[in-house]
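Below is one structure, written out as structure tokens; comments come after it.
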Ligand code: SAH
Ligand code: SF4
Ligand code: F3S
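Numbering (our numbering), first residue to last: 903 to 1369.
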């Protein structure tokens, strides 16, 4: 287990001092920012930290992209289309920048940690002012200050990764939020770029995590999602706390009512974790457990370190132990060398498990990963056709699975409401992540409601407030 390296207090202070200086210098100016964030919850949470730092610099959020004088693109590179979208959206700003020379454009996030891509973007779009990689996040106020004084900045630091504690955060929600527990990834699944752009896996100290959760509970947050590329391998070298023990400590925080976590890797899902899920009252009965493929041959080529049988065994164990648990998953189709037979094993696994949601992707070769250089790359049409068949199969499973809820009741944490419907519909999730819509208004947002399920619609459940 590697010791976690935290960014030193001096380094952090230097950055926050730069923010305070900027705030002083920029006083009286109307500075508005807009962040466009792509990719996973990690990136969304980074965007909340960028917001925190920007507000410390004296910026306020712009109501729309058009009203902002600082645009920040927090990029993702997990699949090719994510990359294409960013290049397209940035390219489209050329005219606006000509008409509005005061507009500052920044690009950061995972895609910018790939040096060759960042340099390509820097050359291709001379109107981009500021580019920085994932390991520079905590230096943002320093970089912004250079940029504001007219310098064009490209800053990418190679690093295994450190942890920057104590950055200011402006959270998107007020009752449900994310807490990062691990950064980076060591798994090197052969298709995946994440380990290259997020550095080695490192775990925050349990004290810092619990302190953050406690503060969030005091601020009124009721639901916490613990985040990491592979939360199951959370391990803090200093005191030997592992993930089940961490769940236990978070469960003890007063005021928090629901604990979720993602993502779980099947190879590290231990019996102790299943036991913790079964016994800790606040830990929700849902697990996002990406399977990626149902074929052992492909799982080996993917370097996933488990078999189809091991995965199905875990599903059985977890269903036996945790009441009403629902599973969601990620699946890739068209991995190099995937035959029709391999693919049919993925379909049969989906049928056997009955996921409540499957996030499905066509394999996308990523520069520098092992799979990108493998023989047997699958043509796009074949990938597309397999994706359609897989989606049809998982939709059928979902429909069948939803039926068992009709007539039952459960508690929904209300997330929002949809006024487009004839009757305004409130919506939110059961503890097991099933989405429920029911007649109700805006005032219910953030509350827990007991709802009786009366039917199903698309992927969701429909209900009414229970008496
Ligand atoms: N750490 C998580 C999530 C990683 S990215 C995990 O291990 O599951 C989210 C999902 O994107 C992955 O689960 C995988 O299904 C998909 N993905 C990653 N790299 C991909 C690639 N090169 N092509 C297609 N899908 C990919
Ligand atoms: Fe990528 Fe695998 Fe790490 Fe997930 S566990 S981030 S899929 S390398
Ligand atoms: Fe997430 Fe995309 Fe980076 S999925 S970790 S934002 S490459």
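For glycine and all other residues, C-beta sits at the position ideal for the given N, C-alpha and C. Computed from a predicted structure; not experimentally measured.
Discussion item. Is any non-hydrogen atom of the ligand SF4 found closer than 7 Å to the C-beta of residue 943, if you look at the structure I gave you?
Written reply: Indexing the chain shown from 1 puts residue 943 at position 41. It does not: the Cβ of residue 943 is nowhere closer than 7 Å to a heavy atom of the ligand SF4.
Worksheet entry | Segments assigned beta strand (DSSP E), at least 3 residues, entirely inside the segment 1129-1198 | 1160-1164 and 1188-1190
Discussion item. When you compare the CB positions of residue 954 and residue 1071, do they come within less than 8 Å of one another, or not?
Written reply: By one-based count along the chain shown, residue 954 stands at place 52. By one-based count along the chain shown, residue 1071 stands at place 169. Taking 8 Å as the Cβ cut-off, residue 954 and residue 1071 qualify as a contacting pair.
Discussion item. Is it buried or exposed, residue 1103, if we count other Cβ atoms within 10 angstroms and call 16 or more buried?
Written reply: Taking the first residue of the chain shown as 1, we reach residue 1103 at position 201. Buried.
Worksheet item: Looking at the unbroken beta strand (DSSP E) that takes in residue 1027, where does it start and where does it end?
Response: Counting from 1 along the chain shown, the entry for residue 1027 is found at position 125. Segment: none, residue 1027 is in no beta strand (DSSP E) and carries neither H nor E.
Item to complete: Name the two residues that bound the continuous beta strand (DSSP E) containing residue 1350.
Response: As a working mapping, residue 1350 is identified with position 448 in the chain shown. Unbroken beta strand (DSSP E) run through residue 1350: 1350-1359.
Practice prompt. Just confirm the distance between the C-beta atoms of residue 1231 and residue 1191, as a whole number of angstroms; I'd bet it's less than 8 Å.
Written response: Mapped onto the chain shown, residue 1231 falls at position 329. Mapped onto the chain shown, residue 1191 falls at position 289. So it is a contact: roughly 6 Å between Cβ atoms.
Worksheet item: From residue 983 to residue 1259, what distance separates their C-alpha atoms?
Response: In the chain shown, counting from the first residue as 1, residue 983 sits at position 81. In the chain shown, counting from the first residue as 1, residue 1259 sits at position 357. Residue 1259 has its alpha-carbon roughly 22 Å from the corresponding atom of residue 983.
Discussion item. Quick check: is any heavy atom of the ligand SF4 less than 7 Å from the C-beta of residue 1131?
Written reply: Within the chain shown, residue 1131 is the residue found at index 229, counting from 1. For the ligand SF4, at least one heavy atom lies less than 7 Å from the Cβ of residue 1131.
Worksheet entry | Enclosing alpha helix (DSSP H) for residue 1065 [first to last residue] | As a working mapping, residue 1065 is identified with position 163 in the chain shown. Following the DSSP letters along the chain, one finds residue 1065 in no alpha helix (DSSP H), marked with neither H nor E.
Practice prompt. Could you spell out the range, first to last residue, of the alpha helix (DSSP H) harbouring residue 1093?
Written response: In the chain shown, residue 1093 corresponds to position 191, counting from 1. Residue 1093 -> no alpha helix (DSSP H), and no H or E assigned at all.
Item to complete: With DSSP collapsed to three states, give me the class of residue 976.
Response: The residue labelled residue 976 in the question sits at position 74 within the chain shown. Three-state DSSP puts residue 976 in a strand.
Item to complete: Just tell me which of 1361, 1201, 1150 and 1096 has its CA closest to the CA of residue 1186.
Response: Here residue 1186 is taken as the residue at index 284 of the chain shown, counted from 1. The option with the nearest alpha carbon to residue 1186 is 1150.
Fill in: Distance CB(residue 1247)-CB(residue 1272) smaller than 8 Å
The residue you call residue 1247 lines up with position 345 of the chain shown. The residue you call residue 1272 lines up with position 370 of the chain shown. No, these two residues do not count as a Cβ contact at 8 Å.
Worksheet item: Which residue spans inside the segment 948-1026 form an unbroken alpha helix (DSSP H) run of at least 4?
Response: 982-993, 996-1001 and 1017-1026
Worksheet item: If we call anything under 8 Å between Cβ atoms a contact, is residue 1265 one with residue 1236?
Response: Taking the chain shown and counting its residues from 1, one reaches residue 1265 at position 363. Taking the chain shown and counting its residues from 1, one reaches residue 1236 at position 334. By the CB criterion at 8 Å, residue 1265 and residue 1236 fall inside the cutoff.
Worksheet item: Quick one: is residue 1241 buried, meaning 16 or more other Cβ sit within 10 Å of its Cβ, or exposed?
Response: For this step, residue 1241 is matched to residue 339 along the chain shown. Exposed is the call here.
Worksheet item: Contact between the segment 966-983 and the segment 941-949: three or more CB pairs below 8 Å?
Response: yes
Practice prompt. Pull up the distance between the alpha-carbon of residue 1249 and that of residue 1307, whole angstroms please.
Written response: Mapped onto the chain shown, residue 1249 falls at position 347. Mapped onto the chain shown, residue 1307 falls at position 405. Each residue's Cα considered, the two are about 24 Å apart.
Fill in: Bounding residues of the beta strand (DSSP E) (the contiguous stretch that carries residue 1071)
Position 169 of the chain shown, counting from 1, holds the residue named residue 1071. Taken as a continuous stretch (DSSP letters only), residue 1071 belongs to no beta strand (DSSP E), as it is neither H nor E.
Worksheet item: Any idea what DSSP makes of residue 1229, helix, strand or coil?
Response: Counting from one through the chain shown, the residue named residue 1229 turns up at place 327. Here residue 1229 sits in strand by DSSP.
Discussion item. Please tell me whether residue 924 and residue 1047 are closer than 8 Å, where the distance is taken between their beta carbons.
Written reply: As a position in the chain shown, residue 924 is number 22, starting the count at 1. As a position in the chain shown, residue 1047 is number 145, starting the count at 1. Closer than 8 Å, so yes.
Fill in: Beta-carbon contacts of residue 1183 that lie in its chain and below 8 Å, excluding the five residues immediately before and after
Your numbering for residue 1183 matches position 281 in the chain shown. 1153.
Worksheet entry | Three-state class that DSSP yields for residue 1368 in the structure shown | In the chain shown, counting from the first residue as 1, residue 1368 sits at position 466. Here residue 1368 sits in coil by DSSP.
Discussion item. Taking 8 Å as the threshold (C-beta atoms), are residue 1312 and residue 1332 in contact?
Written reply: Here residue 1332 refers to the residue found at position 430 of the chain shown. Here residue 1312 refers to the residue found at position 410 of the chain shown. In contact: residue 1332 and residue 1312 (Cβ atoms closer than 8 Å).
Worksheet item: Any heavy atom of the ligand F3S closer than 7 Å to the Cβ of residue 1291?
Response: As a first step, residue 1291 is located in the chain shown; it is residue number 389 there, counting from the start. No, Cβ of residue 1291 sits at least 7 Å from all heavy atoms of the ligand F3S.
Worksheet item: Do residue 1091 and residue 1205 have their C-beta atoms within less than 8 Å of each other?
Response: Within the chain shown, numbered from 1, the residue matching residue 1091 stands at position 189. Within the chain shown, numbered from 1, the residue matching residue 1205 stands at position 303. Yes, the pair counts as a contact, with Cβ atoms nearer than the cut-off.
Worksheet item: Roughly how many angstroms separate the alpha carbons of residue 1111 and residue 1001, rounded to a whole number?
Response: Along the chain shown, one-based indexing puts residue 1111 at 209. Along the chain shown, one-based indexing puts residue 1001 at 99. For residue 1111 and residue 1001, the distance between alpha carbons rounds to 46 Å.
Discussion item. For residue 1282 and residue 1094, I'd like the C-alpha separation in whole angstroms.
Written reply: Numbered from its first residue, the chain shown carries residue 1282 at position 380. Numbered from its first residue, the chain shown carries residue 1094 at position 192. Straight-line Cα distance between these residues: approximately 19 Å.
Discussion item. Just to confirm the assignment: which complete beta strand (DSSP E) runs, minimum length 3, are found wholly within the segment 1299-1354?
Written reply: Within the segment 1299-1354, the complete beta strand (DSSP E) segments of 3 residues or longer fall at 1311-1320, 1327-1331 and 1337-1341, listed in chain order.
Fill in: Expected contact under 8 Å - CB spacing of residue 1163 and residue 1128 to nearest Å
What you label residue 1163 is simply residue 261 of the chain shown in a count that begins at 1. What you label residue 1128 is simply residue 226 of the chain shown in a count that begins at 1. At roughly 4 Å, the Cβ-Cβ gap stays under 8 Å, so residue 1163 and residue 1128 are in contact.
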